[in-house]
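**Student:**
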Amino acid sequence: MVDVAKEETMDDITYRSNTVLSDVHLHIPSKRHLMVRLNTVGQPVFLSQFQLLLNKNNWESERENEKELTTENTGYQTRGGKELCDKGSNDLDFLNKNGREANNFKGIEALLDDDGDLEVVRRPRYVSDPEVEDLSRDKVCPIILMKGGEGIFEDAKQESTYNNIIKIEHTMATPLEDVGKQVWRGAFLLADYILFKRDMFRCCTVLELGGGTGITSIVMAMVAKTVYCTDVGEDLLSMCEQNVTLNKHLTEPAGGEVKVKELDWLKDEFCTDPEAPYSWSEAEIADLHDHTTVILAADVFYDDDLTDALFKTLYKITHNLKNSCTIYLSIEKRLNFTLRHMDITCEAYNHFRNTLNDLENLQDSKMKYTSEPIKLAFCQFLVYERIEQLELWKIIAEPLM
């Protein structure tokens, strides 16, 4: 699918596909996304809020709010269908007390037209009658407040005073090469696990590969000491850095720090050019190698070549670490019907599992890798659909004595 030349970088790869949209944005109709600007490549950038449900009561109340909002958005359908069905179920009585059929069919007749066909309650295509104006959807008209400036975020920073709100800049539908600019369920799953096991990550030095919008690194910085959030592309890294700034109300009280850096899996060395934005200093590289004990990657397995490059990067970095390291990888199995197999398959997931097995079976005199899936029995701290296709894997990389 992708031909990767030796001189290419991760953000130079060209994909042949239409735009894709994350289910996080697609399946939360009650969320209002504020369009704040256009990025340097002309893509609309939105600002969304995600609530951290740090206790059970918050989770239950948020779920109830989601249900209420969904009911309000489709209230005309719910009321129409439910009232008719309730009316039918109350009026229908096929057998009376003596076992004989009753004659009261008003309920079922209410569901039928003159010809006896089932009449479906539908949304009116055009709403012109003032009496039914409440049946129409609210019109959403995004307003571009600013293009490329920073002043727009001053108010947003002042509003970020709640300890349970994450504010994230992101795009909506993008080409495949820009999916890192969206928020994905795999990032939420990994964030859930971090908050559930917060004591285990306290005061750690952490490296995230393919950090995207930075939401997982931001959550990790609520408990860890230093988080290196890495990706490629100046536009993406700039947006990630802005998200880190917007959420300092979450990270600073805990003493955590997120450092946004460039790390290209298709290159052998760290970018140390002082003229390049998001480059590494020698001190930062030394700190990474001396203190890192945790590596993260959330939902980055969608292309076989990049999957291979990621595992090669993991291999190189873990060999240079002074300490044993635990790697956490989240992945979503996206099933598709392929003509090659004439069946429903998930080729990206299959390649991930094969590459993971290769890493475990690697004959290496320096490192040993062991992996295992993590059961998704831990609490949910963010509102999203934790579908059965989501998986979380743990890899332990330890030096051989």
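All letters in the sequence shown, in the order written, are residues 16 to 416 by my numbering. Virtual Cβ for every residue (Gly too), placed ideally from N, Cα, C.
1) Three or more beta-carbon pairs under 8 angstroms between the segment 222-239 and the segment 192-211, yes or no?
2) Can you give the Cα-Cα distance for residue 360 and residue 340, rounded to whole angstroms?
3) For residue 283, which residues in the same chain have their Cβ closer than 8 angstroms to its Cβ, ignoring the five residues on either side in sequence?
4) Give a yes or no on whether the C-beta atoms belonging to residue 279 and residue 54 are separated by under 7 angstroms.
5) So residue 60 and residue 215 are in contact, right, with Cβ under 8 angstroms, and what is the actual spacing, rounded?
6) Can residue 199 be considered in contact with the ligand SAH, in the sense that its beta carbon sits closer than 6 angstroms to one or more heavy atoms?
7) Could you check where the alpha helix (DSSP H) with residue 348 kicks off and where it finishes?
8) In whole angstroms, what is the alpha-carbon distance linking residue 411 and residue 312?
9) Give the straight-line distance between the Cα atoms of residue 39 and residue 384, rounded to the nearest whole angstrom.
10) Figure out for me which residue from 343, 386, 248 has the closest Cα to the Cα of residue 369.
11) Excluding the five sequence neighbours on either side, which residues of its own chain have a C-beta within less than 7 angstroms of the C-beta of residue 324, listed in chain order?
12) Determine, using beta-carbon pairs with one atom in the segment 290-307 and one in the segment 262-272, whether at least three such pairs fall under 8 angstroms.
13) If you draw a straight line from the alpha carbon of residue 201 to that of residue 190, how long is it in whole angstroms?
14) Mind checking residue 375: buried by the 16 CB within 10 Å criterion, or exposed?
15) Excluding sequence positions up to five away, which residues of its chain have a Cβ less than 6 angstroms from the Cβ of residue 234?
16) Check whether the Cβ atoms of residue 363 and residue 316 lie closer than 7 angstroms to each other.
17) Would you tell me roughly how many angstroms separate the C-alpha atoms of residue 261 and residue 408, rounded to the nearest one?
18) Pick from 37, 394, 329: whose alpha carbon is nearest that of residue 382?
19) Between the Cα of residue 66 and the Cα atoms of 404, 396, 294, which residue gives the shortest distance?
20) Rounded to a whole number of angstroms, what is the C-alpha to C-alpha distance between residue 365 and residue 342?
21) I'd like to confirm the pairing. Which residues does DSSP put opposite residue 64 in its beta bridges?
22) Helix, strand or coil for residue 284, going by three-state DSSP, please let me know.
23) Would residue 199 and residue 314 be called neighbours here (beta carbons separated by less than 7 angstroms)?
24) Residue 309 to residue 243, Cα distance in whole Å?
25) What first and last residue would you give for the alpha helix (DSSP H) that runs through residue 362?
26) How about residue 288 and residue 296: do their beta carbons lie closer than 7 angstroms?
27) Taking the continuous alpha helix (DSSP H) assigned at residue 255, which residues delimit it?
28) So, helix, strand or coil for residue 308, using DSSP?
29) Would a C-beta distance cut-off of 7 angstroms place residue 245 and residue 196 closer than the cut-off?
30) Using a Cβ-Cβ cutoff of less than 8 angstroms, which residues in the same chain neighbour residue 179 once the five nearest sequence positions on both sides are dropped?
31) Of the choices 391, 367, 64, whose alpha-carbon is the least far from that of residue 318?
32) Short check: CB of residue 231 to CB of residue 185, under 7 angstroms?
33) Mapping DSSP to helix, strand and coil, what is residue 206?
34) For residue 248, is the classification buried or exposed, using 16 other Cβ atoms within 10 angstroms of its Cβ as the cut-off for buried?
35) By a C-beta neighbour count over all protein chains shown, 10 Å radius and 16 as the cutoff for buried, is residue 402 buried or exposed?
36) Classify residue 50 as helix, strand or coil using the three-state DSSP reduction.
**Tutor:** In this structure, then:
1) yes
2) 32 angstroms
3) 331
4) no
5) The Cβ separation is near 34 angstroms, so there is no contact.
6) Absent from the structure shown: the ligand SAH. Ligands present: none.
7) Note, residue 348: premise wrong, no alpha helix (DSSP H); not H, not E.
8) 14 angstroms
9) 32 angstroms
10) 386
11) 280, 281
12) no
13) 19 angstroms
14) exposed
15) 206, 209
16) yes
17) 30 angstroms
18) 329
19) 396
20) 19 angstroms
21) 182
22) coil
23) yes
24) 11 angstroms
25) 362-375
26) no
27) 249-261
28) strand
29) no
30) 66, 67, 68, 69, 73
31) 367
32) no
33) helix
34) buried
35) exposed
36) strand
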